[in-house]
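To start, the structure under review is shown below, and the notes come after it.
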Amino acid sequence: MKRSLPDARLDAVFHALGDRTRRALLARLADGPAMVTELAEPFRMSLPAVSRHIRVLEKARLVARNVDGRVHRCSLRAEPLAGIQQWLNHYRHFWEGTLDSLVAYVEHSKHE
389 MKRSLPDARL
399 DAVFHALGDR
409 TRRALLARLA
419 DGPAMVTELA
429 EPFRMSLPAV
439 SRHIRVLEKA
449 RLVARNVDGR
459 VHRCSLRAEP
469 LAGIQQWLNH
479 YRHFWEGTLD
489 SLVAYVEHSK
499 HE
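Residue numbers (our numbering): 389 to 500.
Given below as structure tokens:
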């Protein structure tokens, strides 16, 4: 299998995606860049707690942060998600082949 991301990067991306709050932050950033304060608004948590989630996303390289004085603006980085898609496609092909074989077996068994 051609590796799209090194194992450590895959682990970091899956870890980042494993939290509902971080997935919500990514969904918001898919609409365009936002300041950390804007990202924090929908959540019932402190600004430092939201910043910790953003740091996990940064570590996975899913988010880029631009700092201008006291203003922190975040944007989505698509490259790691494309790498995950490539990784998932490898297993999708496996499961499609396995499921096709199962369907053929069941159909063959019906006629016997």
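Just so it is clear, CB atoms sit at the ideal spot from N, CA and C, and this is done for glycine as well.
Just the C-alpha distance for residue i and residue j, rounded to the nearest angstrom, thanks.
i: Val401; j: His496; result: 42 angstroms
i: Gly457; j: Gly485; result: 54 angstroms
i: Pro468; j: Val459; result: 25 angstroms
i: Ala437; j: Glu446; result: 14 angstroms
i: Ser463; j: Glu500; result: 58 angstroms
i: Asp399; j: Val494; result: 37 angstroms
i: Lys498; j: Asp419; result: 50 angstroms
i: Met389; j: Trp475; result: Confidence is the limiting factor: at Met389 the pLDDT is only 46, short of 50, which leaves the residue's position unreliable, though a coordinate-based value still follows. Going from the Cα of Met389 to the Cα of Trp475 covers about 9 angstroms.
i: Asn477; j: Ala415; result: 22 angstroms
i: Thr425; j: Trp483; result: 42 angstroms
Using beta-carbon positions only, say whether residue i and residue j come within less than 8 angstroms of one another.
i: Arg397; j: Ala404; result: no
i: Leu417; j: Ala428; result: no
i: Arg432; j: Ile442; result: no
i: Arg480; j: Met423; result: no
i: Arg440; j: Arg465; result: no
Could you tell me if residue i is buried or exposed, where buried requires 16 or more neighbouring beta carbons within 10 angstroms of its beta carbon?
i: Ala470; result: exposed
i: Leu413; result: buried
i: Val455; result: exposed
Pick from the options: whose alpha carbon is nearest that of residue i?
i: Pro394; options: Trp483, Asn477, Ile472, Lys498; result: Ile472
i: Gly406; options: Val444, Lys498, Val455, Pro430; result: Val444
i: Val451; options: Thr425, Pro421, Glu426; result: Pro421
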